[in-house]
Structures are given as C-alpha cells and as structure tokens.
Amino acid sequence: MLTKTQFHPPSADEPLCVSGRGLEILNDPWLNKGTSFSAEERTTLGLCGLLPPHVSDIEEQEQRVMENYRRKSDPLEKFIFLCSLHDRNVTLFYRVLLDNLMEMTPIIYTPTVGFACQNFGHIYRRNRGMYLSLHDKGHIPEVLANWPSDDVDIIVISDGSRILGLGDLGANGMGIPIGKLALYVAGAGLHPWRTLPILLDVGTNNEELLNDPLYLGITHQRITKKEFYEIADEFVEAATKRWPHVLIQWEDFTNDKAFPLLERYRHKVLSFNDDIQGTGAVALAGLLGAMRIKQETLADQRIVFFGAGSAAIGIADMICAGMVEESGLTLEEARQRFWLLDSQGLVTRQRTPGLQEHKLPYARDEAEAVSLHEVVRRVKPTALIGVSGQPGTFDEKVIREMHEHCSQPIVFALSNPTVKSECTARDVYHWTRGNAIFASGSPFDPVRVGGKVLVPGQGNNMFIFPGVGLGAVACGAKKITDGMFFTAAKTLAHMVTEGELQTGTVYPDLSKIRQISLAIATAVCRQAYEEDLATYEEPEDIREYVRDCMYHPQYRPYEPD
Ligand code: NAD
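Going by the working numbering, the letters in the sequence shown line up with residues 1268 to 1828, in that order.
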C-alpha cells in the first residue's frame, strides 16, 4: 500500500536546533564544525574562547586535512588518520572523502581496510556502530534500543567470518561494515547519521585472534548453525520492528551462511547480499563492456570461473540472466556456457552427492579435471574470472594457453585485496601482447604495452551497491529483486564511454560515482515502481526526486534550542 510519506531527510540549508553548549558540541562529531563555527554561532552556542579566533570555511579545513593526510606514507596510518577525522567531525570527513574519493577509497576500503581489520584490536580508538554478540541472544531488541537514532535507512552487518579474501577475522571484521557504509554515503549520498554498521560477534575460529591479548571480540569458537540462525532471526525481527523501512545488507559471511541468509530473508524483508548480488551485477556490467569492445554477445562466450563461492555464483547467475534476456537462451542453455572450479578442481556431476547446493546448477556432465590449465586447454574459454582468493594462479602458462585460442581474452582477476589477486594487470597484458581485456577487484595502475597505455578496469562493487541502496531506500522498497540488480548492471555498462573502452577499460571512471549512483538509483527506483514493490507515492520525476534525496557534506546553520 502506498503511503503519502516519502523518504525525506533534512536538506543542507535547514537550520538545526542544538540543545548542548560549548565543549559538548565540539566533542560531538555529528555536530562539530571545528573552526567553521561562525562568530554568531560561537556567541549563541557558548563557544567563544574555545576555538582559535579565525573562522575557516570548509574548503580551508579540507586543505589543512589534506596537507596532514598526504604527509603520511603508510596506508594504515592514513586509515587511522581518517578514522580520527570522522571521530572529530563527520561532515568534514565526508567532504574530504567525497572530494578525494579516488585517492581515499583504497584506504577506507580494499586493500587497506583488510590490513586495518587484521589489526583492528591494535589500532582501535573509539566506538562506531554496534556489536551484537552471542551473549546478547534473547536481548537483541533491548540492545538495538541503545542506538540513539529512530531513523536508520541502512544496516550493513557482518559476522567477520570471511573478510575480503582474508578469512575469519571475527569481531575485527567491523572495519568492513564501517567502510562499506562510508562508501554508501560518499558514493550515493545515503545520510551518514541514518546508517548503522553492525558486527555480529558469534565467535571466531581464528586461533591467532583467540590468543591475541588485544583482541576485542568474544573469545569463543564459532557457534553451531542452529544457534547462528536463531540469533540472525532475532536480529532481523528486532531491526525491522524498530526501523520498518530499513535495508539490511549482509556482508562478508562465509558462503555456507551467505546463501542461506540471503534466501531466508530476501523475500521477507528489504535485504540483499552484496558479495553475491552486487558482485554479480558489477561483473556483468564489465562483461557487457567487454562485449562492446569485442563486438560479440554474451551467448558467444565460454566462461571459466576459478572459485565457486558466493562471488562466482552471484556473477554466473547474473550473466546467465543476461544471456537469457539478450539472446533468448533457456536458463539451461545459458548454464552450459560456464565451467566452475573450486579447491577440488572442476565442479562436475560426478562429485554429487556431497557437492554444496549453490554449485549444483553449474555442475558439468563431463570428465573431472583438477588443474586450471587442464580446464583452460579443454574448454578454450573466452573469459576467465578469478574469485578464488588464490594469488598468482592465473600464471603465464594458463594465460598463454587461453590466448592461443582467443585473440582478445577477457581476464577478470577479482580476488581482493591486491595481494590475493589471481594475477597482475602488467603480467596479463604482457603475456597477451596487450590484447587481454582485464579487470581486477583491487586497483592496478595503467600499463604501457608497445606504445599504448592500457587502463585496467576495477570491478569494484562500489559502482553498484550505493546506487541500489539509495534507489531502494528512496522509494521505500519492500524487497530487492534480481531485476533491480540486472537494471543496475545495464545502467552501469551504458555509462562507459567509447574513449574509455578504447583504453581497454570496461568500467567508467570511479570519480563519476555520484553521477553513476544517481543513474542506478533512478533505474532501481523505477524498477521498484514497475514491480509494484515501492511503498512511497511515485514522484513525478523520479530522477529529480532521487537527486534531492542525496546527502551532500556541508555544514548546516545552527540555532540554539
Ligand atoms: P568464497 O569463500 O565464497 O569462495 C571462494 C571460492 O574459491 C570457493 O569456491 C573455494 O573452493 C575456491 N577456492 C579456494 N581455493 C581454491 C583453489 N586453490 N583453487 C580453486 N578454487 C579455490 O569467497 P567469495 O565471496 O566468493 O570471494 C572470493 C574472492 O572474490 C575474495 O577474494 C573476494 O575478495 C573477491 N571478491 C571480489 C569482488 C569484486 O572485485 N568486485 C566481489 C566479491 C568478492
């Protein structure tokens, strides 16, 4: 049923009534403007004498921050510096992040966030978001009631069980929900004070962490599946009761939980799994870009996946959907164009029973093969997608074998962080004499090959999830469908310019992220109305409405309460 209300966060020039005074305001990172408080605000809010006399504008503050930031050479130090800035002044943090997104994304997200998570207990400074632990079972509504805001649009939640490609990091995984939500804010203008990162601490099996005296999680082995779903159910019920329109994004769960969690809730509440669905959409967009370069169709492709987990299945499902829509293949015919390898080799029907459920639709009816090289020789793929977390596995032998049968091989080495990538851009370009169409999960620098500069695309989920999230929140969607992700992928693929394709890159420039997210959010919103899943009244101009929903980091004028 449609309600009159729309998603309507306050606009940037709306004055904010502030009840505190003096240091109380300066010590609140959500209210603090530092040296930017005007003379009038300093008088009315009791700030006189507590700040240096000069009044800065936000640009000047940004200049000061960047001078200090760039003085640091160690990425982890930069990460800590940005966290401290957030702890002091949230508006300035987002302003700096948005204006320097390309430079800072590798710090606040992959690859540096991975290192930050590994060291979380050692670099911890101050609380952010919420921790729900095993000990809170039975009391989760009371714990969630401690969150100070009644307006939460989006929660990113992880149990830290599979952080990037780094494995089980337990409660240290909190860096990921925090980082991801910062990207939602910077990338699509979700409102920072309406986001909530949550770490579901259900123990860890990482012995190193359990023995680390500075580890901040519970020192307990991970719990049984039954107990895990009891606590997950309790969380979903409590969160959607307190914030009925909230979007829940499941993040970095091991795939034995990622798939069941997605299926358990996707039809009941507004939720999705970025590792599965977001990755699927971003990879499909990259492949559609490669099709524009090669002037081929998806159905022409033979695709080998190295890795058969959350990301692989998400990508394969999305490409299948693309093949079905584009070429009218049946789903079964589309699936015949895929070969998946996991840690035991080619996924075949001979391995059933015992094969994990998510792999079954792609199990091949053919002879087993253990090595990637063997599969590449047999299949003669046109596309090779790495989502295994196994660095260096796309070696010279594999890539040269592939190139022998395919003049422009598509190689997407998506494992994160950089050290986990299946290969480097430089190696692939050199082994294929610059003919490969390459994309990676973490960024690689452009490479010069034979007088031409090739630009590796970054298949960053950030192209997709912020726009999908904003679109869903803006229309009060009841759920997020595959159709919405498919729409997002096509929208992204259309945003790559001919000039970008000529440099070999299949993704648009990430610095255009706000424009990209606006286009994706608009498309997702439109899809929600078409699928009759939106709960807010349809605006006359969806694009304009979505644009007005976006947060821009600037100081609001303050008035005493
Ligand atoms: P996952 O744990 O669900 O799956 C990993 C898969 O790799 C499993 O099927 C496993 O069997 C397989 N594998 C492990 N060792 C192997 C080996 N030696 N040979 C062949 N296969 C092997 O993890 P996931 O969520 O699918 O993520 C995998 C990787 O993809 C991670 O590094 C992650 O950071 C990356 N990823 C990248 C993006 C992106 O770039 N946009 C998005 C999501 C995930």
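We put the beta carbon where it would ideally sit given N, CA and C, even for glycine.
Taking the CB atoms as reference points, tell me whether Pro1296 and Asn1356 lie closer together than 8 Å. yes
Of all the options Ser1655, Gln1657, Gly1656, Leu1651, which has the alpha carbon lying nearest to the alpha carbon of Val1665? Leu1651
Top-ranked residue by Cα proximity to Gly1470, from Arg1461, Gly1456, Gln1488, Gln1544: Gln1488
Comparing the CB of Arg1429 with every heavy atom of the ligand NAD, is any distance shorter than 7 Å? yes
Would you mind giving the Cβ-Cβ distance between Ala1579 and Leu1607, rounded to the nearest angstrom? I have them listed as a contact below 8 Å. 6 Å
My parser needs the alpha helix (DSSP H) runs of 4 or more residues fully inside the region 1512-1589; what are they? 1522-1532, 1546-1561
If Leu1537 sits next to Ile1809, beta carbons under 8 Å apart, how far is it from one beta carbon to the other, in whole angstroms? Not quite, the Cβ-Cβ distance comes to about 18 Å (not below 8 Å), so this is no contact.
Should Ser1351 be counted as a contact of the ligand NAD given a C-beta to heavy atom distance under 7 Å? no
Could you check whether the region 1721-1740 touches the region 1518-1525, counting it as contact only if at least three pairs of C-beta atoms, one from each stretch, sit closer than 8 Å? no
Where does Leu1269 fall in DSSP's three states? For Leu1269, the pLDDT reaches just 41, beneath the cut-off of 50, and the residue's location in the model is therefore unreliable, although a value from the coordinates is still provided. Three-state result, Leu1269: coil.
Could you give the C-beta distance for Gly1213 and Tyr1818, rounded to a whole number, given that I count them as a contact under 8 Å? The chain is shown only over 1268 to 1828; residue 1213 falls outside these bounds and no answer can be derived.
Quick one: is Cys1315 buried, meaning 16 or more other Cβ sit within 10 Å of its Cβ, or exposed? exposed
Rounded to a whole number of angstroms, what is the C-alpha to C-alpha distance between Gln1385 and Leu1436? 7 Å
Does the ligand NAD have even one heavy atom less than 7 Å from the beta-carbon of Gln1794? no
For the putative contact between Arg1362 and Pro1820, defined by C-beta atoms under 8 Å, what is the C-beta separation to the nearest angstrom? 4 Å
If you draw a straight line from the alpha carbon of Leu1343 to that of Glu1593, how long is it in whole angstroms? 45 Å
For Asp1609, which residues in the same chain have their Cβ closer than 6 Å to its Cβ, ignoring the five residues on either side in sequence? Ala1575
Ser1425 beta carbon near the ligand NAD (any heavy atom closer than 7 Å): no
Beta-carbon within less than 7 Å of Ser1323's beta-carbon, same chain only, minus the 5 sequence neighbours each way: which residues are those? Thr1302, Ser1303
Does the beta carbon of Val1646 fall short of 7 Å from some heavy atom of the ligand FAD? Ligands present in the displayed structure are limited to the ligand NAD, and the ligand FAD is not among them.
Ser1400, DSSP secondary structure in three states: strand
Measuring straight from C-alpha to C-alpha, what distance separates Glu1624 and Tyr1825? 55 Å
Examine the ligand NAD and report whether any of its heavy atoms sits within less than 7 Å of the Cβ of Ser1638. no
For Val1720 versus Ala1557, is the C-beta spacing smaller than 8 Å? no
For Phe1572, decide whether its Cβ has a neighbour in chain D, counting only Cβ atoms nearer than 8 Å. Judged by its chain identifiers, the structure shown contains no chain D, having just a single protein chain.
Measuring only the C-alpha atoms, how far is Val1740 from Thr1789? 11 Å
Out of Gln1562, His1458, Ile1443, state which residue places its alpha-carbon closest to the alpha-carbon of Glu1518. Ile1443
Taking the C-alpha atoms as reference points, what is the distance between Leu1481 and Asn1439? 11 Å
DSSP on Ser1278, reduced to helix/strand/coil? coil
Under the rule that 16 or more other beta-carbon atoms within 10 Å means buried, what is Thr1270, buried or exposed? Below a pLDDT of 50, predicted positions are generally treated as unreliable, and Thr1270, at 46, falls in that range; the measurement from the model is reported next regardless. Looking at its Cβ environment, which holds fewer than 16 other Cβ atoms inside 10 Å, Thr1270 is exposed.
Does the beta carbon of Asp1468 fall short of 7 Å from some heavy atom of the ligand NAD? no
Near Pro1373, which residues of its chain fall below 8 Å by C-beta distance, leaving aside the five closest residues on each side in sequence? Pro1342, Thr1379, Ser1709, Pro1710
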